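Since the structure comes first, as structure tokens, the remarks are kept for the end.
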Amino acid sequence: MTDSKLYIYNTLKRERELFVPQHAPFVGMYLCGPTVYSSPHLGNARGPITFDVLFRYLTFLGYKVRYVRNITDVGHLENDADEGEDKISKKARLDKLEPMEIVQLYTVAYHDIMRQLNILPPSIEPRASGHIIEQILMIEKIIEHGYAYVSEGSVYFDVKSFEKDYPYGELSGRITDDLQSNTRELDGQSEKHNPLDFALWKKASPEHIMHWPSPWSEGFPGWHIECSAMSAKYLGETFDIHGGGMDLLFPHHECEIAQSLGANGKQPVRYWMHNNMLTINGQKMGKSLNNFIMLHELFSGKHHLLEKAYSPMTLRFCMLQSQYRNPIDFSNKGLQDAEKAYEKLSGIYLLLKEMNWDGTSINPETEKTLSSFEDECIDAMNDDINTAIVLSNMFKVSSVVNQFNTSGKTEGVSKENFEKFKKTYCTFFTDILGLLPEANTAQGNEEFGKLVDSLLEVRNEAKKKKDFTLADAIRNTLSKFVTLQDTPEKTNWKYEKKK
RNA sequence: GGUCCUGUGGCCGAGUGGCUAGGCAGAGGUCUGCAAAACCUUGUACGGCGGUUCGAAUCCGCCCGGGACCUCCA
0 MTDSKLYIYN TLKRERELFV PQHAPFVGMY LCGPTVYSSP HLGNARGPIT FDVLFRYLTF
60 LGYKVRYVRN ITDVGHLEND ADEGEDKISK KARLDKLEPM EIVQLYTVAY HDIMRQLNIL
120 PPSIEPRASG HIIEQILMIE KIIEHGYAYV SEGSVYFDVK SFEKDYPYGE LSGRITDDLQ
180 SNTRELDGQS EKHNPLDFAL WKKASPEHIM HWPSPWSEGF PGWHIECSAM SAKYLGETFD
240 IHGGGMDLLF PHHECEIAQS LGANGKQPVR YWMHNNMLTI NGQKMGKSLN NFIMLHELFS
300 GKHHLLEKAY SPMTLRFCML QSQYRNPIDF SNKGLQDAEK AYEKLSGIYL LLKEMNWDGT
360 SINPETEKTL SSFEDECIDA MNDDINTAIV LSNMFKVSSV VNQFNTSGKT EGVSKENFEK
420 FKKTYCTFFT DILGLLPEAN TAQGNEEFGK LVDSLLEVRN EAKKKKDFTL ADAIRNTLSK
480 FVTLQDTPEK TNWKYEKKK
């Protein structure tokens, strides 16, 4: 069960480390969730997919995982100035909505996308707005310990005084002197003793519409404190795994460490894991670059950069094709390749699921290919969750399965070996990688399916009468919506959304 | 400017001292009314220059290119 040797890359140590939970079989895992102020975009999908696979794999290994993924509904400052405005309240003002209406709208949208991507719900999904008290209590502890000060109703973390007792910048490899000299001149830094200090609590300006009472002012919590407060509450002051995007390394995660040490005197996290970023056609995705793709746009194909719609599973597969610490470039070609590759493996899964052993002989080569499959997949996962290798292992066995299917017999393999292989493939495909075969109908529209089927009846009549002109005409006409595939028994069809 | 990551064949993407990655695309073939799928065969590679080594895509140095972060961002 848990004797498996899982190695994960720990950003804090900058090397792969054997994963040993603090209190096996229990594992505590935290992922920085979304700020719910706009529709989820392509970049929002990578972290949840990466850590969903980790969550699934740890569970597969037999661990009892408590996976916490927060919802940030308090908003972060737009910038580090006193005039800084909460993202959510800014959006609320622009849309003339109550802030919590924005939060509700985009939380639902986020959940919807997560469901489509077959991402399991976390064990706990705490909201920052529901943990204001915990955040205030944590800030009080930090002040008590002398690592924070109150200035004009706001509270700032005192990096200089913290550095006397603990290192700052360990995770991100920053040196405070360098940071100092590189700090830009921003307005409204006057409240801070030092430009590196960061806000724990901000006093709300009169036009700021999201605020709560606190010992210091009517205001709102700083950018980083929610994750520290909520992870400590649900996972303890020290827990196993903390994940997030590489862009959060500094300052967000660095600040989390400082806050937790400042409040509790303990390193909060044993293994820090960071997924890499993605690019679109080789360029950073950014609103100003006009290449920002929302996930609902990807799924519908309605975006000027997209040649067609790509399904949630295509996206999931595409992401799993590279190891999480490498960047992924998105392009139409890449997505179309991923779509084909995904359909191939998905087809293998569907074949295998219905296949029963009926061999008569043993072929040593086939036997070996199938028997080594499980170990190879586990080795790949144990090597810092290398899903790319797991997928390549699946391709290696795919032709064996196709040959079984073509010949109608599972020839060359023992019953025991076949059963084990079948179970392993299905478990890795659906339970660990979280891939689901997609439905053959147009988004579950039964009538559409019936319509196609009745046209195919006409076509099959034509084929029987050798009227291939009519048969081909029907196929060509249908090709705008569905792709046909004739087999000796029947005609399979697949709905394909064309732009 | 600082910190860090990265450069593999037409494209994507593993590997990390000697041993086939894999996918997509391409070429040839089998099968099929045709198409598709499937199966068989098949080519091209490790940014540049030095160094270490019996041996380097893999280690070291320098150079060149790409990217991220340093400011909200997954």
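Mapping of the first sequence onto numbering that gives the first Met the number 0: position 200 corresponds to residue 199, and the numbering continues sequentially without gaps.
Here a beta-carbon is modelled for each residue, glycine too, at the ideal position from N, C-alpha and C.
Bear in mind the structure is a predicted one, so any value in this text is a computation, not a measurement.
Can you give me the C-alpha to C-alpha distance between residue i and residue j, rounded to a whole angstrom?
{"i": "Glu-14", "j": "Pro-326", "result": "18 Å"}
{"i": "Pro-205", "j": "Ala-340", "result": "55 Å"}
{"i": "Ser-453", "j": "Lys-463", "result": "16 Å"}
{"i": "Leu-30", "j": "Pro-267", "result": "13 Å"}
{"i": "Glu-338", "j": "Thr-313", "result": "5 Å"}
{"i": "Ser-259", "j": "Phe-54", "result": "24 Å"}
{"i": "Lys-408", "j": "Asp-357", "result": "6 Å"}
{"i": "Gly-333", "j": "His-302", "result": "16 Å"}
{"i": "Ile-292", "j": "Leu-116", "result": "16 Å"}
{"i": "Thr-386", "j": "Leu-432", "result": "8 Å"}
{"i": "Pro-212", "j": "Ile-135", "result": "10 Å"}
{"i": "Gln-402", "j": "Cys-425", "result": "18 Å"}
{"i": "Val-154", "j": "Tyr-148", "result": "6 Å"}
{"i": "Gly-42", "j": "Glu-124", "result": "20 Å"}
{"i": "Glu-217", "j": "Ile-87", "result": "17 Å"}
{"i": "Asn-362", "j": "Glu-410", "result": "8 Å"}
{"i": "Glu-236", "j": "Ser-330", "result": "42 Å"}
{"i": "Gly-32", "j": "Ser-227", "result": "13 Å"}
{"i": "Phe-428", "j": "Val-399", "result": "17 Å"}
{"i": "Asn-444", "j": "Leu-297", "result": "20 Å"}
{"i": "Ile-279", "j": "Arg-474", "result": "35 Å"}
{"i": "Glu-16", "j": "Asn-392", "result": "24 Å"}
{"i": "Tyr-146", "j": "Ile-70", "result": "27 Å"}
{"i": "Gly-129", "j": "Val-73", "result": "9 Å"}
{"i": "Asn-78", "j": "Asp-85", "result": "Residue confidence for Asn-78 is low, a pLDDT of 39 falling below 50, so the modelled location carries little weight; the figure read from the coordinates is stated next. If I take the Cα positions, the gap works out to 9 Å."}
{"i": "Asp-186", "j": "Asn-193", "result": "With a pLDDT of 43 at Asp-186, under the threshold of 50, the predicted position of this residue should be treated as unreliable, and no value is reported."}
{"i": "Asp-378", "j": "Thr-476", "result": "48 Å"}
{"i": "Asp-81", "j": "Gly-152", "result": "Only weak support exists for where Asp-81 lies, its pLDDT of 38 falling under 50; the coordinates are left without a value."}
Could you pull the DSSP bridge partners for residue i from this structure?
{"i": "His-192", "result": "DSSP, once it has assigned bridges, lists no residue as partnering His-192."}
{"i": "Gly-244", "result": "Asn-274"}
{"i": "Glu-63", "result": "The question names Glu, but residue 63 is Lys in the sequence shown. DSSP output for Lys-63 lists Phe-25 as bridge partner(s)."}
{"i": "Glu-14", "result": "Asn-9"}
{"i": "Gly-411", "result": "Ile-361"}
{"i": "Ile-279", "result": "Gln-282, Phe-329"}
{"i": "Met-293", "result": "His-40"}
{"i": "Phe-156", "result": "Ala-147, Phe-197"}
{"i": "Val-268", "result": "Phe-238"}
{"i": "Thr-34", "result": "Thr-71"}
{"i": "Asp-382", "result": "Tyr-6"}
{"i": "Ile-123", "result": "Val-67"}
{"i": "Trp-492", "result": "Leu-483"}
What does the Cβ neighbour count give for residue i, buried or exposed, with the cut at 16 atoms within 10 Å?
{"i": "His-241", "result": "buried"}
{"i": "Gln-322", "result": "buried"}
{"i": "Glu-253", "result": "buried"}
{"i": "Lys-202", "result": "buried"}
{"i": "Phe-467", "result": "exposed"}
{"i": "Gly-264", "result": "exposed"}
{"i": "Pro-487", "result": "exposed"}
{"i": "Asn-274", "result": "buried"}
{"i": "Asp-328", "result": "exposed"}
{"i": "Asp-157", "result": "buried"}
{"i": "Leu-247", "result": "buried"}
{"i": "Asp-51", "result": "buried"}
{"i": "Ile-132", "result": "exposed"}
{"i": "Ser-478", "result": "exposed"}
Would you mind giving the Cβ-Cβ distance between residue i and residue j, rounded to the nearest angstrom? I have them listed as a contact below 8 Å.
{"i": "Tyr-8", "j": "Asp-383", "result": "5 Å"}
{"i": "His-223", "j": "Phe-197", "result": "7 Å"}
{"i": "Ile-48", "j": "Met-318", "result": "5 Å"}
{"i": "Phe-25", "j": "Lys-63", "result": "5 Å"}
{"i": "Glu-364", "j": "Thr-423", "result": "Not really, about 18 Å apart at Cβ, beyond 8 Å."}
{"i": "Pro-39", "j": "Ile-112", "result": "5 Å"}
{"i": "Ser-160", "j": "Glu-190", "result": "In fact, because the Cβ distance is near 16 Å, the residues do not count as touching under 8 Å."}
{"i": "Tyr-56", "j": "Tyr-105", "result": "Going by Cβ atoms, the distance from Tyr-56 to Tyr-105 rounds to 29 Å, so no, they are not a contact pair."}
{"i": "Ile-347", "j": "Ser-397", "result": "5 Å"}
{"i": "Thr-58", "j": "Met-272", "result": "That pair is no contact at about 16 Å."}
{"i": "Val-451", "j": "Val-481", "result": "6 Å"}
Could you check whether the Cβ of residue i sits closer than 8 Å to any heavy atom belonging to the ligand GDP?
{"i": "Phe-427", "result": "In terms of ligand content, the structure shown is empty, and the ligand GDP therefore cannot be addressed."}
Which whole runs of the alpha helix (DSSP H) in the region 192-220 are 4 residues long or more, in chain order?
Those alpha helix (DSSP H) runs which fall completely within the region 192-220 and span 4+ residues do not exist here.
What are the uninterrupted segments assigned as beta strand (DSSP E) that are 3 or more residues long and contained completely in the region 450-488, given in chain order?
Scanning the region 450-488 from its first residue to its last, the whole beta strand (DSSP E) runs of 3-plus residues come out as 481-485.
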